[in-house]
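The structure under discussion appears below in the form of structure tokens.
In this note's numbering, the protein residues as written are 2 to 766.
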């Protein structure tokens, strides 16, 4: 939840301190575990802890809660990179867990940190009841997942209760705001790589802040928490209330988890409503038994129709004298600087800058100094002057299947398919920050000329914080974690000089010009306009995800359908009385929808009913070719091998191994079927495509048990071409031969090859 506003007001950042009996007796080191949601100030806190004398403060592990400001796949890689920079690959990093909480309230041992406790069931898919307050794009998860684009620009890359509690509440961190004097002092003091990274991150946060009140709105938050924790541990022998940076006090507190009137079941409280016994043995009528806020626009919580302040207090903490409170040590406010002549007005500011800039335990390198011969290179194809083929825009949601399709499309001869642009639809299987993996694949294949634009992040017509459909995609196994990391293999790809960046300008809607606005990330509509302006002919569009971005373009560009030659849609499941189920496995009641249509049925309806020439590649056809063993067998038989084939084999083998070993991965074969759309588009006769014309209608209306269904409708339906069947053997043979073809192959095979080039002396000019 928004740290500046609500949820877990008092427990802004909870740090578990392992000390006493197991500490090293000789050194007196206090062992510490950092539990983090990997926001910017959290990384400041991590670096501050790493700069402490390990004989006194010994950071043992980092655990990640991915239900707030960051997404798990990106945040875990960021932590690995920071630890690698600091020479601390020995520190363990924990994330997620595929356990859950049973209906009777029992907590499975490996419960994950993907969802708040109140939303956690026996799956990692779930609602964003509180996370809705966090923006998805600028100023929110996209910027934090990428650290405004600085993670890949600066950080090197891994080849890799009963505990006393000290609470540092929002009240206390709000007494140590970032001010202009601290900012300017920080600008002058960047003697280490970690100081440089922290300052540039802070500066980008300031430059992209949504209003002109950064210095009144941004506080030291979790880095101050780390300072208070360190001081408390160091001063432990002098009493818990002795702290160098904050005034401390022991008080009794409890966390308010619901709202008055208590004991009235209204369907909002999963701990009590529709239960014979309350979850976690909670007492009926207690402060946990009332209404639970369902979102930032929950009518119960709003006064005067939403024009006044909210009245809900769940997630807040209050001091209590009655039984049920817990005695904790609470930071009250930041202490002023003892040096009255210093421009730094808080004692912690002095410690933070001093420790961050000390040479001891400093970062070994950043990304550009990690390799002595580092050089950014842009690769563009030399296609000669062949007759360019069908100009194509690929609209992808960055699932694993989409990346195999991208490799395939880049291998098709340019006189057949001319891939000009990619539009990213980020309300599907991967989060928006995975756009960096798209840049890496293009760089690997020598296609840094292809335009890449960021499209929709929520379904059509939904608020920017909505998760009413993407909540059905798991956060853990087989879901966002694996999509965002490409099943852990994304880091094997060569690193592109192109990347997402928060750089922006007033011209393109930014609050102010940043230092390098020319580097800004284009939007999907810009890619659409640019490709149309360059090719001078009609465009073919291939979609392999929710249809939100394409529907938005059709809606906003009144001439869009006149600019489109064909639309190939990988998605939909035509229902004609048969019993074959759809693939929305997380909604068992929805028997006949396909995920891409289910994730945004309104967008699917707009595209299907547009005047464009639509070819549908439905779920049934995808299932004809999604057998891992057959595809892997055919790839193994291919006598020729390329870097892109090797990567594809590694990815498919990993997915197949996980699918066979763990039931959580039983649905990943659906990603393999997505590649058939690209093969049908390419038109190779060995694929054996059989088409039929069918009048169809997309079911919409908000019923998650029916939305996205595609019915044959002879009277009110829209005629579209539907792929009825393909030849699986011909298809597998064709894909294997295409990926193994040495033409239009990778120009740089992997990050390992990049590393060798950048490390080999003498450096090539």
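Ideal placement from N, C-alpha and C gives every residue a C-beta, glycine not left out. These numbers come from a predicted model, not from an experiment.
query	result
7 Å CB neighbourhood of residue 527 in its chain, flanking five on each side removed	454
Opening and closing residue of the beta strand (DSSP E) in which residue 545 lies	540 to 545
Enclosing beta strand (DSSP E) for residue 693 [first to last residue]	691 to 699
Option in 754, 184, 726, 657 with minimal Cα separation from residue 688	726
Coarse secondary structure for residue 253, derived from DSSP in three states	strand
Buried or exposed by the 16-neighbour rule on C-beta atoms within 10 Å, applied to residue 552	buried
Environment of residue 355 [buried if 16+ CB atoms lie within 10 Å]	exposed
Span of the beta strand (DSSP E), counted from its first residue to its last, around residue 412	Looking at the DSSP string, residue 412 is not in any beta strand (DSSP E); the run it does join, the alpha helix (DSSP H), is 401 to 412.
Rounded C-alpha distance that separates residue 737 from residue 644	13 Å
Residue closest to residue 697, alpha-carbon to alpha-carbon, out of 32, 147, 759, 610	610
Beta-carbon proximity check, residue 199 vs residue 764, cutoff 8 Å	no
Check whether residue 428 and residue 558 have beta carbons under 8 Å apart	no
DSSP state of residue 513 mapped onto helix, strand, coil	coil
Straight-line Cα distance separating residue 176 from residue 448	50 Å
contact_flag[the stretch 538 to 546, the stretch 568 to 586] where n(CB pairs < 8 Å) is 3 or more	yes
Residue 300 - DSSP class collapsed to helix/strand/coil	helix
Member of 110, 53, 89 whose CA lies at the smallest distance from the CA of residue 63	89
Limits of the unbroken beta strand (DSSP E) element including residue 86	Here residue 86 belongs to no beta strand (DSSP E); instead the alpha helix (DSSP H) covers 73 to 86.
Same chain, Cβ closer than 6 Å to residue 289, neighbours up to 5 away in sequence not counted	258, 259, 283
Terminal residues of the alpha helix (DSSP H) in which residue 721 lies	Where residue 721 is concerned, there is no enclosing alpha helix (DSSP H), although the beta strand (DSSP E) it sits in stretches over 719 to 726.
Residue 612 and residue 484 closer than 8 Å at C-beta	no
Three-pair Cβ contact test at 8 Å for the stretch 433 to 443 versus the stretch 477 to 494	yes
Cβ-Cβ distance between residue 626 and residue 636 below 8 Å	no
Alpha helix (DSSP H) segment containing residue 186, residue limits	181 to 189
CB of residue 221 within 8 Å of CB of residue 179, strictly	yes
Buried versus exposed, by CB contacts within 10 Å (16 or more), residue 286	exposed
Coil, strand or helix - residue 362 by DSSP	coil
Of the residues 219, 472, 357, 39, the one placed nearest residue 133, counting alpha carbons only	472
Helix, strand or coil at residue 367 according to DSSP, with G and I counted as helix	coil
Supposed close pair residue 96, residue 73 - CB separation, criterion 8 Å	5 Å
Own chain residues within Cβ distance below 7 Å of residue 564, not counting five before or after	533, 539, 540
Presumed contact (8 Å Cβ cut-off) between residue 581 and residue 621, rounded CB distance	6 Å
Cβ neighbours of residue 377 in the same chain (closer than 8 Å, five flanking residues each side left out)	498
As assigned by DSSP and simplified to three states, the class of residue 531	helix
Cβ-Cβ distance between residue 830 and residue 85 below 8 Å	With the chain running from 2 to 766 in the structure shown, residue 830 is simply not present.
As assigned by DSSP and simplified to three states, the class of residue 332	strand
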